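Here it is as structure tokens:
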């Protein structure tokens with residue numbers, strides 16, 4: 477009897493040992509990210525282990541994210557503070573020794589706590605704490621779209637600038653030749669910053685590919701200080717703006733010569749300081765572009781944002797004169813003043829977008845740009861002014877209404893600027 481009891485106890489002990497789950501030995505952790513509206517977002521975590529059996533049987537129910545919140549500044553529905561996701565949207569898949577945990581994309585910095593302090597996100601595994609992950613544990617980061625972009629330098633007109641270029645591909649992964657091109661002009665906050673900081677500041681490079689539109693997208697990092705308000709009063713600052721534009725045009729000409737983009741389908745857009753650069757770019761090369769979107773544009777043509785009109789309509793009058801004046805162009809040795817082709821400039825369709833409550837670049841600039849071009853004969857321009865309720869839908873509060881590029885780059889519904897742009901491709 478005693479011997480039987482001992483044998484049963486031994487068998488029970490062996491069964492317990494066999495049923496005890498093997499702890500994972502983690503070798504590598506990769507965060508898969510994407511460019512968000514106001515921050516980078518995490519959409520998946522991949523964990524590589526040295527002992528594949530440790531991953532057996534794991535399901536979505538074993539995992540939970542904490543402090544995973546969307547990017548943006550306010551709750552789109554309530555206008556209040558952003559809340560963490562009620563549902564994480566976790567999907568778990570396994571390929572040999574690699575475990576992939578996908579989730580609803582969340583802010584890489586985590587959630588905002590009291591005093592707007594970030595509370596870091598964490599991935600918790602109830603079945604094996606060795607599979608817990610925080611941002612500090614990540615060994616490598618991947619960025620959707622941007623990792624597949626071409627990055628390089630280009631020299632022209634006495635300047636050297638870094639660029640990032642997305643070229644669309646077909647279903648087989650082959651680059652589509654002679655694609656349309658959207659060149660984006662960066663905002664003042666990205667001036668004099670490194671290439672990837674500028675490329676991830678907003679969705680300028682990824683918006684069209686994320687929408688499935690086969691269009692090349694291009695952005696240059698402008699390695700000089702922002703030109704700031706009323707730059708038109710300083711010829712050297714304006715000359716530098718136009719010099720940067722001349723460099724971009726020369727690079728685009730190279731892409732055309734290489735068969736990468738279609739020279740008859742060139743588009744330009746930009747926000748804030750980039751909106752102002754878009755205007756000057758079109759003044760320099762109005763016959764080269766098919767359409768443009770100036771967003772919450774700065775005032776590098778005539779002073780607008782930090783001055784008051786001497787009379788109603790002064791800004792429009794000043795712009796009417798400026799659009800018939802001169803811009804700087806590269807003549808092979810220097811930037812020299814050249815006449816604007818006003819007729820071509822006026823015939824180039826533009827879609828102006830601006831937030832009604834923008835205090836950084838006042839909405840009057842877009843009204844003045846639109847009005848001046850209309851007076852000169854423009855018949856194909858459009859303008860859309862975003863009210864506070866519309867901005868809130870994209871997580872932007874009235875206090876930071878300058879961020880009108882967020883709805884611009886997200887909304888492709890009928891009648892929007894991006895819908896208008898795509899239809900011309």
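Numbering (our numbering), first residue to last: 477 to 901.
Beta carbons: idealized from backbone N, C-alpha and C, even for Gly.
In this text the structure is predicted, and so the values were computed from the model without any measurement.
Under the three-state DSSP convention, the category residue i falls into
i, result
"residue 845", "helix"
"residue 682", "coil"
"residue 762", "coil"
"residue 719", "helix"
"residue 900", "coil"
"residue 796", "helix"
"residue 779", "coil"
"residue 508", "strand"
"residue 774", "coil"
"residue 713", "helix"
"residue 607", "helix"
"residue 895", "helix"
"residue 708", "helix"
"residue 538", "helix"
"residue 850", "helix"
"residue 523", "strand"
"residue 697", "strand"
"residue 753", "helix"
"residue 738", "strand"
"residue 491", "Note that residue 491 scores a pLDDT of 39, beneath 50, so its modelled location is shaky and nothing firm can be said."
"residue 497", "coil"
C-beta atoms of residue i and residue j nearer than 8 Å
i, j, result
"residue 719", "residue 811", "yes"
"residue 762", "residue 852", "no"
"residue 575", "residue 568", "yes"
"residue 745", "residue 842", "no"
"residue 792", "residue 854", "no"
"residue 663", "residue 747", "yes"
"residue 829", "residue 860", "yes"
"residue 549", "residue 601", "no"
"residue 541", "residue 607", "no"
"residue 700", "residue 721", "no"
"residue 603", "residue 534", "yes"
"residue 517", "residue 583", "yes"
"residue 514", "residue 564", "no"
Close Cβ partners of residue i (< 7 Å) along its chain, the five nearest in sequence each way excluded
i, result
"residue 675", "622, 640, 681, 695"
"residue 645", "651, 652"
"residue 821", "758, 759, 762, 799"
"residue 900", "766, 767"
"residue 715", "804, 811"
"residue 837", "748, 772, 773, 774, 781, 878"
"residue 883", "862, 866, 867, 870"
"residue 665", "677"
"residue 778", "708, 791, 794, 795, 798"
For residue j and residue i, believed in contact at Cβ under 8 Å, the rounded distance
i, j, result
"residue 679", "residue 509", "Not confirmed; about 13 Å, so no contact."
"residue 689", "residue 898", "6 Å"
"residue 771", "residue 880", "6 Å"
"residue 834", "residue 846", "Going by Cβ atoms, the distance from residue 834 to residue 846 rounds to 15 Å, so no, they are not a contact pair."
"residue 498", "residue 524", "In fact, because the Cβ distance is near 16 Å, the residues do not count as touching under 8 Å."
"residue 501", "residue 609", "Going by Cβ atoms, the distance from residue 501 to residue 609 rounds to 15 Å, so no, they are not a contact pair."
"residue 558", "residue 579", "Residue 558 to residue 579, Cβ: 16 Å. No contact."
Close beta carbons around residue i, own chain, < 8 Å, minus the five adjacent residues each side
i, result
"residue 629", "636, 637, 638, 639"
"residue 572", "528"
"residue 737", "654, 655, 656, 657, 692, 728, 731"
"residue 740", "766"
"residue 589", "595"
Own chain residues within Cβ distance below 6 Å of residue i, not counting five before or after
i, result
"residue 634", "none"
"residue 896", "827"
"residue 783", "none"
"residue 519", "508, 510, 581"
"residue 885", "679, 683"
"residue 627", "640"
"residue 620", "510"
*Can you list, in chain order, the stretches of the alpha helix (DSSP H) that have 4 or more residues and sit fully within the segment 801-845?*
818-823
*asked:* In chain order, what are the residue ranges of uninterrupted beta strand (DSSP E) at least 3 long that sit wholly in the segment 604-685?
replied: 616-619, 626-632, 635-642, 655-661
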